[in-house]
Amino acid sequence: MLDKIKSALGAEADSLLNHVSKTIPKETLTIPGPNYVDEIFSKTDRNNSVLKNFQSIYNTGRLAGTGYLSILPVDQGIEHSAGASFAKNPAYFDPENIVKLAIEGGCNAVASTLGVLGLVSRQYAHKIPFVVKINHNELLSYPNKFDQILFANVEQAFDMGAAAVGATIYFGSDESSRQIQEISEAFHRAHELGLVTILWAYLRNDNFKNDKADYHIATDLTGQANHLAATIQADIVKQKLPETNLGGFRDLKFGKKDDKMYTDLSSEHPIDMARYQVANCYMGKIGLINSGGPSGSNDLGDAVKAAVINKRAGGMGLISGRKAFQKPMKDGVALLNAIQDVYLSKDVTIA
Numbered sequence: 265m266l267d268k269i270k271s272a273l274g275a276e277a278d279s280l281l282n283h284v285s286k287t288i289p290k291e292t293l294t295i296p297g298p299n300y301v302d303e304i305f306s307k308t309d310r311n312n313s314v315l316k317n318f319q320s321i322y323n324t325g326r327l328a329g330t331g332y333l334s335i336l337p338v339d340q341g342i343e344h345s346a347g348a349s350f351a352k353n354p355a356y357f358d359p360e361n362i363v364k365l366a367i368e369g370g371c372n373a374v375a376s377t378l379g380v381l382g383l384v385s386r387q388y389a390h391k392i393p394f395v396v397k398i399n400h401n402e403l404l405s406y407p408n409k410f411d412q413i414l415f416a417n418v419e420q421a422f423d424m425g426a427a428a429v430g431a432t433i434y435f436g437s438d439e440s441s442r443q444i445q446e447i448s449e450a451f452h453r454a455h456e457l458g459l460v461t462i463l464w465a466y467l468r469n470d471n472f473k474n475d476k477a478d479y480h481i482a483t484d485l486t487g488q489a490n491h492l493a494a495t496i497q498a499d500i501v502k503q504k505l506p507e508t509n510l511g512g513f514r515d516l517k518f519g520k521k522d523d524k525m526y527t528d529l530s531s532e533h534p535i536d537m538a539r540y541q542v543a544n545c546y547m548g549k550i551g552l553i554n555s556g557g558p559s560g561s562n563d564l565g566d567a568v569k570a571a572v573i574n575k576r577a578g579g580m581g582l583i584s585g586r587k588a589f590q591k592p593m594k595d596g597v598a599l600l601n602a603i604q605d606v607y608l609s610k611d612v613t614i615a
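Position one of the sequence shown corresponds to residue 265 (the working numbering), numbered consecutively onward.
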């Protein structure tokens, strides 16, 4: 298994697999494990049904019993348009194939829209945990606007037998204050009904990108988005992997900062940057799952790299969609399994 991981990483294998983190000590983190729900969430204000649904997610798929998560998300039919998302593999216009891929791929859960999961709920809700994404960025308006609006409510997710709800907040956008209030209220209701909550904690502001860097994927800004996500009681936070430690707060001259954020608490190494994200998820007590990103020319290598960075940083798993469903099913399954192999490998350790 380790040889396959090294092969997928190529020239970056040594840097990623042997990096020793000297920023935030691993001993200060809550590391994912088989007793995570008992040790962390049984002490919270979440009710017994939340704990049961949380445990069902952890006990599903190839990673069952490890404390790590591999989730298939397919909500791109709205966010990126169905045609653009499924043109490479039109089979996934059919919602049943989405759920089949998650099951065949050994995932812990499948995340998709109210329409997709509702169409097949009686057939599959008891076979794999459903995560119903309740808001989306609707891109059919012209000109395009970027705002997450509610497409579904928590009661609909509960009625179909879902284990969790998911939502996105565009932190930094003009609409973020409303989105924070909406999703905080929705997450409260989800917990009342016993559902796990997952937040896509994304950044969106034209001023976050300039000629120097794209601060939408900066360590400090993504870390703060994670902290806000945990504040409104996201049980799991989904975040893009950081790609720069230059400092959005520092370079864009807004917000609050301390120079130690960029020196003592992080570095330019991708594992250290991701660890800062984990630290902002209450030192790992709230699980961090990183996204797999868009499909490209080296999907397998990129997916394995993301999984290695997330795991060695102290994260809880990977949520990868386009890299898997924009391929024939057997290739998508192979990619999902390659991600899972990173979390199953005892040779890939916390940095």
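Here a beta-carbon is modelled for each residue, glycine too, at the ideal position from N, C-alpha and C.
Would you list the one or two residues that DSSP bridges to residue i?
| i | result |
| --- | --- |
| residue 583 | 335 and 555 |
| residue 478 | 473 |
| residue 434 | 466 |
| residue 394 | 374 |
| residue 508 | 482 |
| residue 429 | 396 and 461 |
| residue 503 | 554 |
| residue 401 | 412 |
Take the Cβ of residue i as the centre, count every other Cβ of all protein chains shown within 10 Å, and call the residue buried at 16 or more, exposed below.
| i | result |
| --- | --- |
| residue 445 | exposed |
| residue 575 | buried |
| residue 541 | buried |
| residue 406 | exposed |
| residue 523 | exposed |
| residue 310 | buried |
| residue 554 | buried |
| residue 379 | exposed |
| residue 386 | exposed |
| residue 432 | buried |
| residue 563 | buried |
| residue 525 | buried |
| residue 467 | buried |
| residue 339 | buried |
Who are the near neighbours of residue i in its chain, counting only those whose CB is closer than 8 Å to its CB and skipping five residues on each side?
| i | result |
| --- | --- |
| residue 273 | 280, 281, 565, 568, 569 and 572 |
| residue 613 | 576 |
| residue 592 | 353 |
Ordered along the chain, which non-local residues of its own chain (more than five positions away) have a Cβ less than 6 Å from that of residue i?
| i | result |
| --- | --- |
| residue 499 | 460 and 461 |
| residue 257 | Look at the range of the chain in this structure, 265 to 615, and you will see that residue 257 is not part of it. |
| residue 358 | none |
| residue 236 | Since the first residue shown for the chain is 265 and the last is 615, residue 236 is missing from the structure and cannot be characterised. |
| residue 504 | 481 and 555 |
Which same chain residues end up closer than 7 Å to residue i when comparing Cβ atoms and leaving out the 5 residues on each side of it in sequence?
| i | result |
| --- | --- |
| residue 530 | 287, 483, 509, 536, 537 and 540 |
| residue 596 | 365, 369, 588 and 589 |
| residue 475 | none |
| residue 332 | 296, 580, 581 and 607 |
| residue 306 | 315 |
| residue 363 | 374, 384, 388 and 392 |
| residue 602 | 272, 564, 567 and 568 |
| residue 277 | 270 |
Measure the beta-carbon distance from residue i to residue j and round it to whole angstroms, keeping in mind my assumption that it falls under 8 Å.
| i | j | result |
| --- | --- | --- |
| residue 455 | residue 301 | About 14 Å; that fails the 8 Å criterion. |
| residue 296 | residue 556 | Not a contact, Cβ separation roughly 18 Å. |
| residue 604 | residue 334 | 5 Å |
| residue 496 | residue 451 | 6 Å |
| residue 255 | residue 383 | Because the chain here runs from 265 to 615, residue 255 falls outside it and cannot be looked at. |
| residue 465 | residue 502 | 7 Å |
| residue 398 | residue 415 | 7 Å |
Examine the Cβ distances between the segment 415-427 and the segment 479-492 and report whether three or more of them are shorter than 8 Å. The segment 415-427 is not in contact with the segment 479-492.
Within the chosen definition, does the segment 343-351 reach the segment 314-324 through at least 3 CB pairs nearer than 8 Å? Between the segment 343-351 and the segment 314-324, the count of Cβ pairs shorter than 8 Å is below three; the stretches do not touch.
Can you confirm whether the segment 321-341 touches the segment 362-382 when touching is taken to mean that 3 or more C-beta pairs between the two stretches lie within less than 8 Å? Three or more beta-carbon pairs drawn from the segment 362-382 and the segment 321-341 are found closer than 8 Å, and the two stretches are therefore classed as touching.
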